[in-house]
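236 is the number of the first residue of the sequence shown in the working numbering; add one for each residue after it.
From the three backbone atoms N, C-alpha and C, an ideal C-beta is built for every residue, glycine too.
Worksheet for the structure shown next.
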Amino acid sequence: MNATLNSVTHALEILHLLRRRGPLRLSEVAAEIGVGTSSAHRLMATLREQRFVRQEVGGKRYELGSAMLFSSEVTALEHCVAVSRSVMEELQEQTGETVHLSVLRGKTCLFASSVESQRRVRVTSRVGQGPFAHTAAGGKVLLAALDEDRLGDVYLHEALAAGTPAAIASHEELSAELSRVREHGFARNLGESEDDMYAIAVPVRRPNGEVISSLTIAAPLSRIGPSSAGAPLSPYEREVLDALRAAAASIESLLAF
């Protein structure tokens, strides 16, 4: 019985650890929960079989699997996706560009819902996928909402993954960018996740003020974006940002019911 309880306890510790820290190597997990590598491997094998964890594609690190969207989180996210759909469709029609609703999963800005632009040259829908959060407008908004301890657990323990040459490359740059996001209430992606990618994003909050997701308008950088990260918002960007903020406010009103 004690061995069984210990296994359950260690399995729960692994899930909480991956939830806090994001993807980790087997040796890191073993060290954190205080078990041998062989014991950690057996626990991981069981958790993988039940889809509670998975290995990164092409990597050796483990991350939370699809079964680890807890029921309360699933309910909240499903509700947000459902109530936001009509608002996102209206926003897409208003701006002509692709609209994303995103959540943070480890270091990834995951697209939970998208309404794709009808223009010939456009950003495509990528539901279930996403770039590194520090390279994405929506990801920066979500990272900016974390407290320092949580941000450190998730994102500041190792070197930043490479994006394009325009992407943030150091923790110091990331901290400065997140401070700007908190101050101004929005974030931009200026060719950071992909060379010709432009995006601008704002937070979507629960009634208690907690950020549940980010709302993003994405388009080819060559069509909409400024020439450099230091450039001020263009008049058109300001129009897009106003529309984005109004849409986020509409979603937040719907979440209150």
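Inset, instruction - Give the range of the alpha helix (DSSP H) segment to which A482 is assigned. - result: P470 to L490
Legend entry - Outcome for M236 when other beta-carbon atoms lying within 10 angstroms are tallied against a minimum of 16: With a pLDDT of only 34 at M236, under the threshold of 50, the placement of this residue in the model should not be trusted; the figure read from the coordinates follows. Exposed, since its Cβ has fewer than 16 Cβ neighbours within 10 Å.
Inset, instruction - Mind checking who Y433 pairs with in its DSSP beta bridge? - result: According to DSSP, which records beta bridges pairwise, Y433 is partnered with L425 and A454.
Inset, instruction - Out of E429, A317, E332 and R255, state which residue places its alpha-carbon closest to the alpha-carbon of D382. - result: R255
Legend entry - Option nearest P455 by Cα separation, candidates A371, E284, I403 and G426: G426
Legend entry - L299, enclosing beta strand (DSSP E) - first and last residue: R296 to L299
Inset, instruction - Determine the DSSP secondary structure at S306, reduced to helix, strand or coil. - result: Legend: pLDDT at S306 = 48, less than 50; position of this residue unreliable, no value from coordinates given.
Inset, instruction - Would you kindly check if the distance between the Cβ of V376 and the Cβ of V316 is under 9 Å? - result: no
Inset, instruction - Under 7 Å Cβ to Cβ from A478, same chain only, skipping five residues before and after it: list those, please. - result: L326, Q329 and T330
Legend entry - Separation of R296 from S306, as counted between CA atoms: Confidence at S306 is low in this model, with a pLDDT of 48, below 50, so its placement is unreliable and the value that follows should be read with caution. Cα-Cα distance, rounded: 25 Å.
Legend entry - Under 9 Å between C-beta atoms of S448 and A347: In this structure, S448 sits near A347, with a CB-CB distance shorter than 9 Å.
Legend entry - Segment limits, beta strand (DSSP E) that includes L336: Element bounds for L336: T333 to R340.
Inset, instruction - For G257, I'd like the list of residues in its chain whose CB is within less than 7 Å of its CB, leaving aside the five on either flank, ordered along the chain. - result: E298, G341, K342 and V389
Legend entry - DSSP three-state assignment for A379, whether helix, strand or coil: helix
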